[in-house]
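Chemist: The sequence shown begins at 5 in our numbering and counts up by one. Below is a structure I'd like to ask you about.
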Amino acid sequence: MTSNVRSPRDDEEKIKAHLAILRGQSKSLKEVLTDMLGQEPSDDLVEAVENRILLAQEQEESIELGKIVESIQKMQSCWV
């Protein structure tokens with residue numbers, strides 16, 4: 005399973021994604037992060053990751069989800 009996150013490249017990919025969601029073949033971001041971390045993430049972590057994904061979409065860039073999570077967790081541990 006890849007952990008790259010990007011917007012659909014074209015209308016065909018967008019349609020395929022919407023069909024997968026309608027068929028129940030999708031997971032929430034919280035579920036994906038739980039699978040990655042082996043434990044349920046905090047709501048703050050989910051929100052921070054979601055915001056970074058949205059920023060990447062606006063800037064039309066792809067991101068490595070694992071690196072984003074690691075970076076956010078590192079920042080959070082510095083604040084505690």
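Every residue, glycine too, gets a C-beta built ideally from N, C-alpha and C. This one's a predicted model, so the numbers in the text were calculated from it and none came from an experiment.
1. So what does Glu17 bridge to, in DSSP terms?
2. Excluding five sequence neighbours on each side, which residues of the same chain lie with their C-beta closer than 7 Å to the C-beta of Pro45?
3. What is the DSSP secondary structure of Glu64, reduced to helix, strand or coil?
4. Nearest by alpha-carbon distance to Ala52: which of Leu26, Gln61, Val73, Lys18 is it?
5. If we ignore side chains and look at the alpha-carbon of each, how far apart do Leu59 and Val50 end up?
6. Following the continuous alpha helix (DSSP H) through Gly70, name the residue where it begins and the one where it ends.
7. Alpha carbon to alpha carbon, what distance is there between Glu65 and Ser81?
Modeler: So, from the listed chains and residues:
1. As a position in the sequence shown, residue 17 is number 13, starting the count at 1. Its beta-bridge partners do not exist; DSSP assigns none.
2. The residue labelled residue 45 in the question sits at position 41 within the sequence shown. Around Pro45: Lys34, Leu37, Thr38.
3. The count along the sequence shown starts at 1 and reaches residue 64 at position 60. Three-state DSSP puts Glu64 in coil, outside helix and strand.
4. Along the sequence shown, read from residue 1 onward, the residue named residue 52 stands at position 48. The shortest C-alpha separation from Ala52 is found at Val73.
5. Counting from one through the sequence shown, the residue named residue 59 turns up at place 55. Counting from one through the sequence shown, the residue named residue 50 turns up at place 46. Answer to the nearest angstrom: the Cα atoms are 14 Å apart.
6. The sequence position of residue 70 within the sequence shown is 66, counting from 1. Residues 69-83.
7. Sequence index remark: in the sequence shown, residue 81 carries index 77 (1-based). Sequence index remark: in the sequence shown, residue 65 carries index 61 (1-based). Going by the C-alpha atoms only, they are around 27 Å apart.
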